[in-house]
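Going by the numbering used here, the sequence shown wraps up at 461, each residue one higher than the last.
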Amino acid sequence: MYALIRPLLYSLPAETAHRLVMAGLRFLAHVPFLLRWVRSRFAPTDSLLRVDALGLTFSTPIGLAAGMDKDAEAFEAFGALGFGFVEVGTLTAHPQPGNPRPRLFRLVEDRALINRMGFNNHGARAAAERIAATTERNTVLGINIGKSKVVPNEAALDDYAQSAAFLAPHADYLVVNVSSPNTPGLRDLQAVSVLRPLLVRVRNELDTVERARRIPLLLKIAPDLADADIDAVAELALELKLDGVIATNTTITRAGLQASPAVVSELGAGGLSGAPLKQRALAVLRRLRAKLGDQVVLIAAGGIENADDAWARIRAGATLIQLYTGLVYEGPDLPRRIADGLAARVREAGLTSITNAIGSEANHRGSSS
Ligand SMILES: Cc1cc2nc3c(=O)[nH]c(=O)nc-3n(C[C@H](O)[C@H](O)[C@H](O)COP(=O)(O)O)c2cc1C
Numbered sequence: 093m094y095a096l097i098r099p100l101l102y103s104l105p106a107e108t109a110h111r112l113v114m115a116g117l118r119f120l121a122h123v124p125f126l127l128r129w130v131r132s133r134f135a136p137t138d139s140l141l142r143v144d145a146l147g148l149t150f151s152t153p154i155g156l157a158a159g160m161d162k163d164a165e166a167f168e169a170f171g172a173l174g175f176g177f178v179e180v181g182t183l184t185a186h187p188q189p190g191n192p193r194p195r196l197f198r199l200v201e202d203r204a205l206i207n208r209m210g211f212n213n214h215g216a217r218a219a220a221e222r223i224a225a226t227t228e229r230n231t232v233l234g235i236n237i238g239k240s241k242v243v244p245n246e247a248a249l250d251d252y253a254q255s256a257a258f259l260a261p262h263a264d265y266l267v268v269n270v271s272s273p274n275t276p277g278l279r280d281l282q283a284v285s286v287l288r289p290l291l292v293r294v295r296n297e298l299d300t301v302e303r304a305r306r307i308p309l310l311l312k313i314a315p316d317l318a319d320a321d322i323d324a325v326a327e328l329a330l331e332l333k334l335d336g337v338i339a340t341n342t343t344i345t346r347a348g349l350q351a352s353p354a355v356v357s358e359l360g361a362g363g364l365s366g367a368p369l370k371q372r373a374l375a376v377l378r379r380l381r382a383k384l385g386d387q388v389v390l391i392a393a394g395g396i397e398n399a400d401d402a403w404a405r406i407r408a409g410a411t412l413i414q415l416y417t418g419l420v421y422e423g424p425d426l427p428r429r430i431a432d433g434l435a436a437r438v439r440e441a442g443l444t445s446i447t448n449a450i451g452s453e454a455n456h457r458g459s460s461s
């Protein structure tokens, strides 16, 4: 089916195609009987894939990465398509239009995208109202927050805290995003000296707003951090008892692309996602796992486009995985296909649960060395 629709979508500018798809999914999200039908057809139910993490139960470890459903308009539709969880956002305290268009590009031969969306969103308050109005909640919902462009880095703490306050009552988990390349200066917030007070402030805000429930707090990092900076983030995660780290966001590098350098440079600045990000994202994940042991949940993102990729990340220490670009190239049955492939690999390995495979690469290495 997607093979038929794909050429039509690809004949449109990338963002127009995205908007068309989102309009369809928004519609689906508002028709309960259709939603139930899609869920019964697509959503995997194999109990082997169930993951208990972050105090939550995930029907599968396969999630939708942030950026696709920025304004939390269709998360139940993505859940019905078979995602075990959906991360909405990035949301900012101030509504903002994002960068001028065009700002999203396909690199088809690389199975990649370049985007410089710039956190276009209707704001944290509007998203909170929309989520609150959702009558039937069946999908684990992560909420990703970032800094408003109009706010300078010196005032970032208040800005993040404001978003956290709006969204805390609706979040199954909350992510502090300091790793988008498309908000000037944002990635400077990854320096531990700045990150520590920011994360402490957001944690306090969550605990103040939601006294009866501890909302898991995660940090999303860039793949472009130097190894020493990854280690520093890992130490901070342990010090602050962060619940999780998401590795990784998009990269500003352009190495190893099939597309010609002239074409790539013409597209301009932005974050590269998809297949070319795979190796670096896996390396960052391995480094984090080595530093963190099993004390902090790791969510892997970056270039995951099939069950082999997902299995490799889980074996390298990811408890959960996320994807975005793979969905654009492979179509809406991708979460289902990955789930089926993962269940088959769990059975082949003689395991009774996918959770037994988490980090198993290290055990294997250990026993064979
Ligand atoms: C068009 C687009 C927009 C994105 N927007 C966000 C965002 O708002 N916040 C965020 O944390 N990550 C955002 N991302 C990054 C993804 O969540 C993900 O980390 C990255 O694309 C790597 O995964 P992938 O290779 O499966 O796409 C965006 C990615 C794309 C392609």
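Idealized CB from N, CA, C, for every residue including glycine.
Check	Outcome
DSSP three-state assignment for Arg-222, whether helix, strand or coil	helix
Val-389 versus Val-268: straight-line alpha-carbon distance, rounded	15 Å
Sequence-distant residues of the same chain with beta carbon closer than 6 Å to Leu-156, five excluded per side	Phe-170, Phe-175 and Val-178
Buried versus exposed, by CB contacts within 10 Å (16 or more), Pro-244	exposed
Span separating the alpha-carbon of Ile-97 from that of Leu-146	37 Å
Met-209 beta carbon near ligand 1 (any heavy atom closer than 8 Å)	yes
Beta bridge counterpart(s) of Ser-365 as assigned by DSSP	Leu-205
Stretch pair the region 252 to 266 + the region 223 to 237: three plus CB contacts closer than 8 Å	yes
Inter-residue Cα distance where the pair is Leu-104 and Arg-198	11 Å
beta-carbon Lys-467 near ligand 1 non-hydrogen atom, thresh 8 Å	The chain is shown only over 93 to 461; residue 467 falls outside these bounds and no answer can be derived.
Element boundaries [beta strand (DSSP E), containing Arg-118]	From DSSP, Arg-118 is part of no beta strand (DSSP E) but of the alpha helix (DSSP H) over 106 to 121.
Ligand 1 heavy atom lying under 8 Å from the CB of Met-114	no
Secondary structure of Asn-269, DSSP reduced to three states	strand
Contact belief for Leu-332 with Val-292 at Cβ below 8 Å, rounded distance in angstroms	7 Å
Burial state of Met-93 (16 or more Cβ within 10 Å)	exposed
Of the residues Leu-148, His-110, Leu-415 and Gly-277, the one placed nearest Pro-194, counting alpha carbons only	His-110
Contact test: Ile-396 Cβ vs ligand 1 heavy atom, cutoff 8 Å	yes
Proximity below 9 Å, CB of Ala-37 to CB of Gly-394	Since the first residue of the chain shown is 93 and the last is 461, residue 37 is not available in this structure.
Candidates Glu-397, Leu-317, Thr-411 and Tyr-416, of which the one nearest Ser-445 by Cα	Thr-411
Minimum Cβ-Cβ distance from Thr-447 to chain D less than 9 Å	In the displayed structure, chain D is absent; only one protein chain is listed.
Alpha carbon of Val-242 to alpha carbon of Trp-129, nearest angstrom	43 Å
Span of the beta strand (DSSP E), counted from its first residue to its last, around Asn-274	From DSSP, Asn-274 is part of no beta strand (DSSP E); its letter is neither H nor E.
Inter-stretch contact (C-beta, 8 Å, three-pair minimum) for the region 295 to 315 and the region 323 to 342	yes
Residue environment, Asn-296, which counts as buried when at least 16 other CB atoms sit within 10 Å	exposed
Own chain, CB closer than 8 Å to Ala-324, minus 5 neighbours either side, in chain order	Val-284
For Phe-211, the first and last residue of its enclosing alpha helix (DSSP H)	Element bounds for Phe-211: n/a, residue is neither H nor E.
Nearest candidate by alpha-carbon position, reference Gly-215, set Asp-319, Val-180 and Asp-316	Val-180
Reduced DSSP category for Gly-418 - H, G, I as helix; E, B as strand; rest coil	helix
Coil, strand or helix - Ser-460 by DSSP	Note that Ser-460 scores a pLDDT of 41, beneath 50, so its modelled location is shaky; the value from the coordinates is reported in the next line. In this structure, Ser-460 counts as helix in the three-state DSSP scheme.
Rounded C-alpha distance that separates Gly-433 from Ala-441	12 Å
Beta-bridge partners of Phe-177, as assigned by DSSP	Gly-155 and Val-232
Inter-residue spacing [alpha-carbon to alpha-carbon] between Ala-253 and Val-294	5 Å
7 Å Cβ shell around Ala-449 - same chain, five flanking residues per side excluded	Ile-406, Arg-407, Val-438, Ala-441 and Leu-443
Exposure label - Ala-304; buried when at least 16 CB within 10 Å	exposed
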